[in-house]
Amino acid sequence: MTLPVLGVDLGGANLKYVSLEGRAHCTAFPMWTDYQRLASQLQLDLQEHYPGRHQVAATMTGELADCFVDRQQGVDHIAQALVSACKALHWPAPAFYHVDGTFHDEAETRAHCDRAAASNWHGLANFVAKVSRWDAVECLSDLMQQLTAAPTSAHSTALLIDIGSTTSDLIPLKNGDIASSSATDFDRLKERSLVYLGCQRTAVCSLIEQLPFAGTMVPVMRELFATMDDVRLLTGHQAENNHDFDSADGKARGRLEAANRMARMIGLDHRNVSMQDAESMAHHIHQQAQSVLTAAIDTLIANEQTTENAIWLISGHGMDLLSEARSKHSGTRMVSLQDILGPEVSRSAPAFAIAALYQHSL
């Protein structure tokens, strides 16, 4: 009997799971502090959210967390943790995706850590580029069948844009393949296909030098006082969550708390900075974040890695950060994977892609 496939994306801040039927779950997991309990958290998540035995297909990005001396140690630890969790549940050994587009066991993954490291972007791009060529028989879920009908890069040029909590991937696709020779984060940073800007965790002080307040521009404090989460709360692009305390100061993700965190960026607090002031500062930061992404896209076009008329395939949960780029390139055809996959699966799109690729490889 063939087991259902479960895609797992082992990141540095989140553990994401998606089945081919579209059951998605995300657990906030700060790898840099909690890495020693990774195996137990994985076992708990798998047991609670995916009853019954599954075949796990995994990708990772958490190996870069600074709790690890190097990526080799990170890949070793993450691979061992997932193998341990699956073994404890009497599930088969997991398969790990590599940036050569193939799946391997734990031993091969640890022996070739650079092929397994930071592989989730490649899995998503590989899947999106190829899925339109799969037969309906090969698409074992409704979501996959819907994707085959969406315009991808099978016969054209496309740019896959995936905006996550920490980073944004801008991946050129051409004629059903990934149109980039880059395999590592280092290479992708150089070509601007990896932008270290996300819709949640990015520190405000890394984006701007000064903020508008009381009719003047005030230099910011270079401290982790506020993040893009706060910016998007104050601009209305993200809902409040008073049960979530994974913020810069450990307080709730509410608008009042976000405004106070924003005030600290210029050495003040809620007694001096009104909600309107905080919102004004947030809009200034949000605009700068948009400009960063626009500049990266323009660089890819200027370097002829993608084209002005490429289809944009947009994934993730930070589409508001593309407003400037979408306005500048208003003639570009844009397809939202969120509209096809739904918001929860789109947020964890690489995990879904890895599950689909593994299923297709059987």
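Under my numbering, the sequence shown has 270 at position 273, and the numbering climbs by one with no breaks. Even glycine gets a Cβ: it sits at the ideal position worked out from N, Cα and C.
query                                                                                                         : result
Supposed close pair F222, M278 - CB separation, criterion 8 angstroms                                         : Not confirmed; about 12 angstroms, so no contact.
Whole beta strand (DSSP E) elements within the region 200 to 273, 3-residue minimum                           : 207 to 210, 213 to 216
Rounded separation between L168 and H357 - CA only                                                            : Note that residue 168 is Ile in the sequence shown here, rather than Leu. The alpha-carbon atoms of I168 and H357 are separated by roughly 22 angstroms.
Residues near G4 by beta carbon distance below 6 angstroms, same chain, minus five either side                : V15, A54, A348, F349, I351, A352
Supposed contact pair L204 and Q362 - C-beta distance, whole angstroms, cut 8 angstroms                       : What the structure shows of the chain is the stretch from -2 to 359, and residue 362 is not part of that stretch, so it cannot be assessed.
Selection from M259, D266, S343 that minimises the alpha carbon distance to E276                              : M259
Helix, strand or coil at T303 [DSSP, three-state]                                                             : coil
Endpoints, alpha helix (DSSP H) assigned at N117                                                              : 117 to 127
Environment of P340 [buried if 16+ CB atoms lie within 10 Å]                                                  : exposed
Cutoff 7 angstroms: M278 Cβ touching any chain D Cβ                                                           : The question asks about chain D, but that chain is absent: this structure has only one protein chain.
Cβ-based burial, H87 [other Cβ within 10 Å; buried from 16]                                                   : exposed
N117 vs D6 beta-carbon contact at 7 angstroms                                                                 : yes
Same chain only: Cβ atoms within 6 angstroms of R344, ignoring 5 sequence neighbours per side                 : H314
Bridge partner(s) assigned by DSSP for G313                                                                   : I160
Touch test, the region 303 to 319 against the region 240 to 252, Cβ-Cβ under 8 angstroms, three pairs minimum : no
Neighbourhood of E206 by C-beta, 6 angstroms cutoff - its chain only, sequence neighbours within 5 removed    : none
Proximity of R198 and L191 at Cβ, strictly below 7 angstroms                                                  : no
Where L186 falls: helix, strand or coil (DSSP)                                                                : helix
Distance CB(A307)-CB(A155) smaller than 7 angstroms                                                           : yes
Per DSSP, cross-strand counterpart(s) of C23                                                                  : K13
Identity of the residue in A126, L39, R330 nearest E305 by Cα                                                 : R330
Short Cβ contact (7 angstroms threshold) for E60 with R68                                                     : yes
Terminal residues of the alpha helix (DSSP H) in which S343 lies                                              : 340 to 344
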